[in-house]
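Worksheet: one structure, shown below.
So, in structure tokens, the structure goes:
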């Protein structure tokens, strides 16, 4: 064997310089195990301790009380150990080059998400985390990637990372240091000085909307009917047991509508940049002529939720009014957002509700950003076939539809009036359906499909020839709108 050559110190130094230095990763806040584990511990205390409350079991039966303490201590130990292990093995890297999350104890997982795939970044502050000044950072990604959640970070750090990730997602070449130097968000409503408030819903408006909503009125009427029935027939405790669930349901409805929607604020955010070309003079009180890349929704009293909605991912808008709200000129607004699905408070993704209750002027302000070419004066609406009276004798006069080169609109309804608006560029497919009675009357319905969500635009009961014409025109309109970039958002 030839003798081994002596090691070259210069070559070793060069190889050391070439080999990449591993990046320093971060863990969530050290108080994370305490915040995550207290709910499970409280549930364990209730489960093991309720049978030992006074009057729940005869004296002398069951294990002694100290067994309960041992069981609760064991549950607390297991919950605490699981929370500590989860926190210890959760690491993340968010810098100028990458977004990477590492999780897992037995099965390690490292997930890297490209900045261009980020759909939205939300900051959630549950009540327990809010007491310690912590928050949850929820990142939703597209292109087949599932979202990730970091529990928990300091509130200011969550705000800084959220603003940085949104800037990178919108194509801005910024750095973490530049993002840290930007104005900070306020504690109560999560709005920085760079954000511009568009609509703020005051508590009296929320309460009026709750008291006049069909959901609340029906719940109260059912509760009163049960109370009167129980009193009339003398059901006593049995009637009280039937009333309690309805009373709890009404209380839960009030809690959801008032506590979770308290201080509801819609703001312009996401790095506002001026569009190309000359811009018209801005009228007082009108929407900004600059291009907003996102809207930020903050809401909640005990649990503060901050949700960022990218404008280019809005697929459609639904405006609803009950018969009482039409007289009060109040509206509820829902939006379909790519990747969100449907739900007022989707735990996995964001809420699809834009406004729980809003005035006509507030809806116009929001629509000026979402779909500025969907105003009543810019789209001519026309009625459906008069033969629809045989299928919808009460509502056929309210059914109207229309379209321009950017959006399609359909509206109608009696007890609940619904207006759906979908940009042509968001169209995924077009369908024509015809039931047996429609076939008999020579009518058909057209459906314009987008991503799953609350918006489902359909044009019912058109003459068969008109429905076929709409079908043949919609796909070319959608292709032309996508080619010209007419997404509908400002």
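Residue numbers (full-length UniProt numbering): 1 to 490.
Where is the CB? At the ideal position from N, CA and C, for every residue including glycine.
Nearest neighbour of residue i, chosen from the options [CA to CA]
| i | options | result |
| --- | --- | --- |
| residue 436 | 152, 180 and 461 | 461 |
| residue 210 | 332, 472, 91 and 154 | 332 |
| residue 495 | 311, 356 and 361 | Because the chain in this structure spans residues 1 to 490, residue 495 falls outside the shown range and cannot be described. |
| residue 397 | 406, 412 and 309 | 412 |
| residue 269 | 101, 167, 161 and 154 | 167 |
| residue 414 | 408, 323 and 467 | 323 |
| residue 157 | 27, 417, 79 and 265 | 27 |
| residue 97 | 126, 110, 175 and 160 | 175 |
| residue 481 | 457, 422, 467 and 78 | 422 |
| residue 395 | 384, 402 and 404 | 384 |
| residue 382 | 88, 248 and 466 | 466 |
| residue 259 | 378, 302 and 370 | 302 |
| residue 89 | 294, 212 and 29 | 29 |
| residue 446 | 434, 459 and 439 | 459 |
| residue 153 | 87, 340 and 367 | 87 |
| residue 361 | 81, 199 and 163 | 199 |
| residue 359 | 321, 352 and 392 | 321 |
| residue 196 | 366, 371, 399 and 393 | 366 |
| residue 225 | 243, 208 and 130 | 243 |
| residue 83 | 316, 134 and 31 | 31 |
| residue 473 | 430, 438, 319 and 263 | 430 |
| residue 161 | 393, 299 and 95 | 95 |
| residue 457 | 317, 266, 70 and 475 | 317 |
| residue 339 | 393, 454, 227 and 392 | 454 |
| residue 181 | 202, 159, 190 and 80 | 159 |
| residue 353 | 400, 325, 266 and 439 | 266 |
Contacts around residue i, its chain only, beta-carbon distance under 7 Å, and the 5 residues preceding and following it disregarded
| i | result |
| --- | --- |
| residue 141 | 113, 117, 118, 119 and 147 |
| residue 257 | 206, 210 and 356 |
| residue 253 | 215, 216 and 219 |
| residue 441 | 387 and 390 |
| residue 222 | 246 |
| residue 478 | 424, 425 and 427 |
| residue 327 | none |
| residue 249 | 219 |
| residue 261 | 206, 299 and 356 |
Contacting residues, own chain, Cβ-Cβ under 8 Å from residue i (five flanking each side not counted)
| i | result |
| --- | --- |
| residue 428 | 449, 450 and 451 |
| residue 85 | 105 |
| residue 149 | 136, 137, 138 and 139 |
| residue 115 | 99, 165, 168 and 169 |
Residue range of the beta strand (DSSP E) that includes residue i
| i | result |
| --- | --- |
| residue 412 | 407-412 |
| residue 167 | Element bounds for residue 167: not the beta strand (DSSP E) but the alpha helix (DSSP H), 155-169. |
| residue 438 | Not the beta strand (DSSP E): residue 438 falls in the alpha helix (DSSP H), residues 436-441. |
| residue 122 | 118-125 |
| residue 267 | 264-269 |
| residue 463 | 457-463 |
| residue 93 | 91-94 |
| residue 388 | Counting along the chain, residue 388 falls outside any beta strand (DSSP E), and DSSP gives it neither H nor E. |
| residue 111 | 109-113 |
| residue 97 | Premise fails: residue 97 is in no beta strand (DSSP E) and is neither H nor E. |
| residue 147 | It is not in any beta strand (DSSP E) - residue 147 carries neither H nor E in the DSSP assignment. |
| residue 453 | Note, residue 453: premise wrong, no beta strand (DSSP E); not H, not E. |
| residue 402 | 400-403 |
For residue i, the first and last residue of its enclosing alpha helix (DSSP H)
| i | result |
| --- | --- |
| residue 361 | 360-370 |
| residue 428 | Per DSSP, residue 428 belongs to no alpha helix (DSSP H) and is neither H nor E. |
| residue 202 | Neither: residue 202 is in no alpha helix (DSSP H) and is coded neither H nor E. |
| residue 27 | Element bounds for residue 27: n/a, residue is neither H nor E. |
| residue 233 | 214-233 |
| residue 140 | Taken as a continuous stretch (DSSP letters only), residue 140 belongs to no alpha helix (DSSP H), being part of the beta strand (DSSP E) at 134-141. |
| residue 178 | 176-180 |
Close beta carbons around residue i, own chain, < 6 Å, minus the five adjacent residues each side
| i | result |
| --- | --- |
| residue 277 | For residue 277, the predicted model reports a pLDDT of 34, less than 50, meaning its position is unreliable; a value from the coordinates is still stated below. The answer is none, since no qualifying residue turns up. |
| residue 102 | 91 and 110 |
| residue 464 | 442 and 444 |
| residue 304 | 125 |
| residue 409 | 379, 402 and 421 |
| residue 25 | 91 and 93 |
| residue 432 | 444, 446, 467 and 471 |
| residue 133 | 155 |
| residue 319 | 331, 333 and 419 |
| residue 23 | 93 |
| residue 264 | 201 and 299 |
Residue i beta carbon near the ligand NAP (any heavy atom closer than 6 Å)
| i | result |
| --- | --- |
| residue 317 | Among the components modelled here there is no ligand, and therefore nothing to report on the ligand NAP. |
Residue-level contact to chain D via CB, residue i, 7 Å cutoff
| i | result |
| --- | --- |
| residue 121 | Among the protein chains of the structure shown there is no chain D, as only one such chain exists. |
Quick check on the DSSP output: what are the complete beta strand (DSSP E) runs of length 3 or more inside the UniProt domain "YdbS-like PH" (294-341), in order along the chain? 294-299, 304-310, 314-322 and 330-337
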